[in-house]
Amino acid sequence: MAHSMGNIPLCPWVHLGSHARVAKTLRVVATGDNNRIPVISSLKIRSQQRSAVSTTWLFPYSHSWPADKVLIQTPTTNYTVKDYQHFFKDIDFEDGWEMRQDTEPLVSALEPPRVAIHCLYGSRVPTAEGFLYTNFPDTDPTLILGDGDGTVNLLSATQCKRWIGHQTQPVHMLELEGNEHVAMLLNFTTVTYIKTVLFGP
38 MAHSMGNIPL
48 CPWVHLGSHA
58 RVAKTLRVVA
68 TGDNNRIPVI
78 SSLKIRSQQR
88 SAVSTTWLFP
98 YSHSWPADKV
108 LIQTPTTNYT
118 VKDYQHFFKD
128 IDFEDGWEMR
138 QDTEPLVSAL
148 EPPRVAIHCL
158 YGSRVPTAEG
168 FLYTNFPDTD
178 PTLILGDGDG
188 TVNLLSATQC
198 KRWIGHQTQP
208 VHMLELEGNE
218 HVAMLLNFTT
228 VTYIKTVLFG
238 P
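If you're matching positions, the sequence shown starts at 38 in this note's numbering and goes up one per residue.
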């Protein structure tokens, strides 16, 4: 059992988690993200956030995100999953491209795990799926919102369903409407579901 990014280290043994990754990581690398903490400047923590290899690892993956889905819009350029090298060059952080190249192959395929899967995910919480910049990359962007749990986009959270019919073991999907990314861990439905799976009805 794991949650969010905690699923990723398990992938050599079992493929789990938000496989398609999350759009908000592009904003973290471009501008920094203070998680709505008003006394912390996003720009001041940007260099620290860029140093975390896990951030570029969590960029959306081309095997799951539409190739024409614009993740970042600027007055001069639109960036999709096919434009990461250009993106890193434009934000003057080409080390980020090297970091992405190092980590992308670690979890690239979405092969069926060949074990029973219980995939619980939050939905119907406004979740950033794109960013509109007027002065790129040194000002906070306008968020383009979609569906998800406030952190993980629904497109990513529901990747488990790709395995339905592609393995003999069952794949169970449970949508938790209105559940935020962290709050879902303490949700009564989540806890009850896990207890039922572990200990029976």
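Yeah, the Cβ is synthetic: ideal placement off N, Cα and C, and Gly gets one too. Predicted model, so just to flag it, every value in this text is computed and none were measured.
Identify, in the order they occur along the chain, each residue of the same chain with its Cβ nearer than 8 Å to the Cβ of residue i, setting aside the five sequence neighbours on each side.
i: ASN72; result: none
To which residues of the same chain is residue i closer than 7 Å at the C-beta, ignoring the five residues directly before and after it?
i: VAL234; result: HIS155
i: THR111; result: TYR170, PHE173
i: THR140; result: VAL90, THR93, TRP94
Between which two residues does the beta strand (DSSP E) containing residue i stretch?
i: VAL208; result: 208-214
i: THR113; result: Per DSSP, THR113 belongs to no beta strand (DSSP E) and is neither H nor E.
i: ALA165; result: 164-169
In terms of residue numbering, what span does the alpha helix (DSSP H) encompassing residue i cover?
i: GLU135; result: 132-140
i: ALA194; result: 191-194
i: TYR121; result: 121-127
Using the beta-carbon count (16 or more within 10 Å), is residue i buried or exposed?
i: PHE125; result: buried
i: ARG151; result: exposed
i: LEU223; result: exposed
i: THR93; result: buried
i: PRO75; result: exposed
i: PRO49; result: Unreliable positioning characterises PRO49 in this predicted model, as indicated by a pLDDT of 44, which lies under 50. The coordinate reading is nonetheless provided below. Exposed, because fewer than 16 other Cβ atoms sit within 10 Å of the Cβ of PRO49.
i: ASN115; result: exposed
Hey, residue i and residue j are a contact pair by Cβ (cut 8 Å); roughly how many whole angstroms apart?
i: ASP129; j: THR164; result: With a Cβ gap of about 28 Å, ASP129 and THR164 do not count as contacting.
i: PRO178; j: ARG64; result: 6 Å
*Decide yes or no for the touch test of the segment 58-67 against the segment 97-108: beta carbon pairs closer than 8 Å, at least 3 of them.*
Remark: three or more beta-carbon pairs, one from each stretch, lie closer than 8 Å, so the segment 58-67 and the segment 97-108 are flagged as touching.
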